[in-house]
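In the working numbering, the protein residues as written are 14 to 636.
Note that the Cβ used here is the ideal one computed from N, Cα and C, for glycine as well.
Here the structure is a predicted model, which is why all the values come from computation and not from measurement.
See structure below.
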Ligand code: TSX
Ligand code: MN
């Protein structure tokens, strides 16, 4: 790099320019590009990756504007072990986060960044989380040496000139540092997916007031590298939200409209593998009901002038798990990724299309699996692929279980017209949930806000295929589905939730529900059909919001009576529904004890008001 003045001329904010120059001088890239966010820029970068043999352009008729990318086999998911919250006081990170002293971490990572962009291009990505210019949006600038990151950020955020304009005019922004950590020596041939070994990977959030920043090194994948998403919109935003009096949550946002035409906005937080994206785009089986999507992963919520809680989706696209996405589970997601989509680690078919497990279409006769190897339709099981050309042998996972589609939100056929409303949508209901094969009923409404916060703190999923077999059947607690994403002490986060309940107008407090689509019977069969039939539960929730639902008061909350859930046209029998709505008192005593145990690591930092809720439920169960 000779002089970067020309490349940086679009940056008129002197502070931003100085920062980019400093990082460029330290990382020594060959070129610097300030990204404008245009389609031409996306096409140029994508075609560059195709030309060098890294990406594959998919069939322009079947998948216009789409690409397939295969990551390195070691770089396929978020790396929680390598994710740190860095603040002066370790207690502010809390017992659920990895912590390191900020000065120590800056030293380690600054050394790693030295010369790390040699032979590469430094891309400057200005972006907005949330609609450009919305009072609820936040700006960031990611510096990266990965064209994959640039192209994904263009889909997942509002990236480019409009965001840079705001920053040039002096708007605040979060500095996001990223490198794949794979410098190129002169003449050295690049690999398809550059990244660093695990022990050099770091995903770091600096969270002390005024020092909020993200430093990421060594990984090019998803949440490790697309820094607007988990690092900014959840970890950093949760810290800013507490400071500024709002909420940054791991929640979908949906718009539900009843047959009378009345709409409700619902947010929902579930641990991974509970089908959040599916619920966000659901096709209700109840006639006349409609679900439209505002977001599938993150909600930023503020108390509006009207006293109600307003939610915006800070993202611009979906970074969805591909396997399991089918015409049955989520036809709208399939439509969203028909064009202009980046597929990562799925199967490439011979006709230039993609395939993954449980896509709902038979496996292709031949394909290239996520590792780049040939794979073949299984003779025994047309839904699976095998490594052997004769179609025999054990099925393989031809698409990686964490393979993804990155698709623009506007391509979702049921995107709500309000999804980009700069004021956000007023939230009427908040759902928590998890995969709980026993004990937890189909639906249960909190008696008040604090009880709802208790419910959120108790969320989690039962461990199914744990490596450690003695964990099977245990609940892995994932409070508010924020365990990997809360940027500060989770006990303080519960306290912030309680505080927010006091800021929202009493008559506009969202009702809080705990749902469980995953109850199993003695034979291990799912008892609730789930998917579009979840609209039956949402219908009851709307009636409860209106104060018109048939309810029963129970020790654990307010539940539907057996006849309160509309089963018209549903395969579920009244007997099964009765079981799904029965409180298992003994099971619940164990459940509450489990929640209490999960709080132990927080010591006396758990808010007294929350402890009181647990004691209240315990007392009611023992009556
Ligand atoms: O996404 C799911 N949802 C929410 C949908 C709006 N899934 C998939 C979870 C993995 C990401 C579900 N799986 C749901 C659900 O409500 N419920 C279940 C469990 C289940 C699976 C299959 C059937 C019934 C329930 N039935 C048949 O396979 C025929
Ligand atoms: Mn998520």
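Identity of the residues DSSP links to residue i by a beta bridge
i, result
"residue 55", "Looking at the DSSP assignment, residue 55 forms no beta bridge with any residue, so it has no partner."
"residue 232", "Beta-bridge pairing links residue 232 to no other residue."
"residue 506", "Residue 506 pairs with nothing; no bridge assigned."
"residue 425", "Residue 425 is not bridged to any residue."
"residue 323", "315, 439"
"residue 419", "332, 355"
"residue 308", "266"
"residue 457", "527"
"residue 217", "97, 228"
"residue 193", "Looking at the DSSP assignment, residue 193 forms no beta bridge with any residue, so it has no partner."
"residue 445", "282, 527"
"residue 157", "136"
"residue 163", "Answer is none; residue 163 lacks a bridge partner."
"residue 644", "In this structure the chain extends from 14 to 636, so residue 644 is not present and cannot be described."
"residue 188", "154, 226"
"residue 573", "564"
Buried or exposed by the 16-neighbour rule on C-beta atoms within 10 Å, applied to residue i
i, result
"residue 123", "exposed"
"residue 255", "buried"
"residue 438", "buried"
"residue 223", "exposed"
"residue 211", "exposed"
"residue 151", "buried"
"residue 632", "exposed"
"residue 591", "exposed"
"residue 407", "exposed"
"residue 342", "buried"
"residue 374", "exposed"
"residue 18", "exposed"
"residue 362", "buried"
"residue 51", "exposed"
"residue 538", "exposed"
"residue 576", "exposed"
"residue 411", "buried"
"residue 475", "buried"
"residue 385", "exposed"
"residue 237", "buried"
"residue 157", "buried"
"residue 214", "buried"
"residue 94", "exposed"
Contact test: residue i Cβ vs ligand 1 heavy atom, cutoff 7 Å
i, result
"residue 339", "no"
"residue 503", "no"
"residue 530", "yes"
"residue 286", "yes"
"residue 543", "yes"
"residue 539", "yes"
"residue 295", "yes"
"residue 342", "yes"
"residue 644", "For residue 644 there is no data in the structure shown, the boundaries of the chain being 14 and 636."
"residue 415", "no"
"residue 635", "no"
"residue 547", "yes"
"residue 292", "yes"
Any non-hydrogen atom of ligand 2 within 7 Å of residue i CB
i, result
"residue 310", "yes"
"residue 263", "yes"
Ligand 4 heavy atom lying under 7 Å from the CB of residue i
i, result
"residue 92", "The model depicted lacks ligand 4 and carries ligand 1 and ligand 2 instead."
Quiz prompt | Cβ pair count under 8 Å reaching 3, the stretch 96 to 103 against the stretch 187 to 195 | solution = Contact fails: fewer than three Cβ-Cβ distances are below 8 Å.
Quiz item: Is it a yes or a no for the stretch 578 to 598 touching the stretch 541 to 550, going by three-plus beta-carbon pairs under 8 Å?
Solution: Because the criterion of three Cβ pairs below 8 Å is met, the stretch 578 to 598 and the stretch 541 to 550 touch.
Practice problem: Determine contact between the stretch 402 to 420 and the stretch 331 to 342, defined as no fewer than three beta-carbon pairs at a distance below 8 Å. | Solution: Because the criterion of three Cβ pairs below 8 Å is met, the stretch 402 to 420 and the stretch 331 to 342 touch.
Quiz item: Can you find at least 3 beta carbon pairs, one from the stretch 48 to 59 and one from the stretch 195 to 214, that sit closer than 8 Å?
Solution: No: the two stretches stay apart, fewer than three of their Cβ pairs being nearer than 8 Å.
Quiz item: Taking one C-beta from the stretch 238 to 251 and one from the stretch 167 to 175 each time, how about it: are there three or more such pairs within less than 8 Å?
Solution: yes
Quiz item: At a cut of 8 Å, does the stretch 256 to 269 reach the stretch 313 to 321 through at least three beta carbon pairs?
Solution: yes
Exercise. Check whether the stretch 484 to 503 touches the stretch 457 to 464, taking contact to mean three or more Cβ pairs, one atom from each stretch, closer than 8 Å.
Key: no
Self-check item: Touch test, the stretch 463 to 473 against the stretch 521 to 534, Cβ-Cβ under 8 Å, three pairs minimum
Solution: yes
Quiz item: On the three-pair Cβ rule with 8 Å, is the stretch 243 to 253 touching the stretch 283 to 290?
Solution: Between the stretch 243 to 253 and the stretch 283 to 290 there are fewer than three inter-stretch CB-CB distances shorter than 8 Å, so the stretches are not counted as touching.
Quiz item: Hey, is the stretch 616 to 628 in contact with the stretch 499 to 519, meaning 3+ C-beta pairs nearer than 8 Å?
Solution: Segments in contact, yes.
Quiz prompt | the stretch 271 to 281 in contact with the stretch 428 to 444 per 3-pair CB rule at 8 Å | solution = yes
Quiz item: Can we say the stretch 338 to 357 touches the stretch 446 to 459, given the rule of at least three CB pairs closer than 8 Å?
Solution: No: the two stretches stay apart, fewer than three of their Cβ pairs being nearer than 8 Å.
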